[in-house]
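Comments concern the structure below.
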Amino acid sequence: DQQVKQNSPSLSVQEGRISILNCDYTNSMFDYFLWYKKYPAEGPTFLISISSIKDKNEDGRFTVFLNKSAKHLSLHIVPSQPGDSAVYFCAASGEWYGGSQGNLIFGKGTKLSVKP
Amino acid sequence: NAGVTQTPKFQVLKTGQSMTLQCAQDMNHNSMYWYRQDPGMGLRLIYYSASEGTTDKGEVPNGYNVSRLNKREFSLRLESAAPSQTSVYFCATLTRGNLWGRHFGDGTRLSIL
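Taken in sequence, the protein lines are chains F and R.
So in the numbering used here, spot 13 of the first sequence is number 52, and the numbers just go up one at a time.
So in the numbering used here, spot 92 of the second sequence is number 174, and the numbers just go up one at a time.
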């Protein structure tokens, strides 16, 4: 049973436009969420995170939004650039799940293609 | 990725062979992790080590053993490899400045025939 779901396997966006990647979770006990970016033949790279006490976190072109009531988070990339083309993973954890001492639950990923 | 080094990068094994995947980190974190990623799947935790001398099972530990040799090194061993263990294996430690995050190595691509 998937606790973290990324229902769109792929997304194609034009350069300069907004990319919106979505993630849903089922376990209301999750209280920390992260996004990772992964290029082929490399390990995932931490991108941005958000705590459940917030509903928005920004870092440059990247913004993560959290809707706890809907158990939904999204990653917005504005403006999108060709170098953003990668697989994006959503991940979730919580103190009850062990935090740094335990597990992150990952979604299956969304492949973003940004076309020039 | 600077900070976490995995060896080898690629390996092909025959069913029943054994192998140890090596991982070393220079970020001075206590916590280290082993994940596997299968096609179309997210990363799944195999084992983790909260500190030198301690290890704990993750989601998918069957068929694997680990050793936390010292603070820097955390190895993953397949005693009798099976085709179902064909995967990309990632070692990780904590993200610098964010104890919820993970800093990953570039992975070991393992094929078992």
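Just so you know, even glycine gets a beta-carbon here, dropped at the ideal spot from N, CA and C.
Residue i - DSSP class collapsed to helix/strand/coil
i             : result
residue 51/F  : strand
residue 16/F  : Outside the shown range of chain F, which is 40 to 155, sits residue 16/F, and nothing can be said about it.
residue 157/F : In the structure displayed, chain F extends from 40 to 155; residue 157/F sits before or after that span and is not available.
residue 119/R : strand
residue 166/R : helix
residue 89/R  : strand
residue 96/R  : coil
CB contact check: residue i to chain F, cutoff 8 Å
i             : result
residue 137/R : no
residue 114/R : no
residue 161/R : no
residue 172/R : yes
residue 184/R : yes
residue 123/R : yes
residue 127/R : yes
residue 108/R : no
For residue j and residue i, believed in contact at Cβ under 8 Å, the rounded distance
i             : j             : result
residue 114/F : residue 52/F  : About 12 Å; that fails the 8 Å criterion.
residue 169/R : residue 192/R : 6 Å
residue 94/R  : residue 158/R : About 17 Å; that fails the 8 Å criterion.
residue 173/R : residue 101/R : Not a contact, Cβ separation roughly 14 Å.
residue 102/F : residue 126/F : Actually they are not in contact, since the Cβ atoms of residue 102/F and residue 126/F sit about 19 Å apart, beyond 8 Å.
residue 58/F  : residue 153/F : 7 Å
Residue of the options minimising C-alpha distance to residue i
i             : options                       : result
residue 43/F  : 96/F, 124/F, 98/F and 74/F    : 74/F
residue 78/F  : 121/F, 143/F and 133/F        : 121/F
residue 118/F : 40/F, 98/F, 84/F and 47/F     : 98/F
residue 149/R : 116/R, 165/R, 179/R and 121/R : 116/R
residue 86/R  : 71/F, 84/F, 60/F and 56/F     : 84/F
residue 104/F : 46/F, 149/F, 66/F and 60/F    : 60/F
Short CB-CB distance (under 8 Å) between residue i and chain R
i             : result
residue 147/F : yes
residue 118/F : no
Bridge partners - residue i, DSSP secondary structure assignment
i             : result
residue 112/F : 62/F and 105/F
residue 131/F : 72/F and 144/F
residue 152/F : 51/F
residue 195/R : According to DSSP, which records beta bridges pairwise, residue 195/R is partnered with nothing at all.
Near the ligand FAD: residue i beta-carbon under 7 Å from a heavy atom
i            : result
residue 47/F : By its list of ligands, the structure shown contains no ligand whatsoever, and the ligand FAD lies outside what it can speak to.
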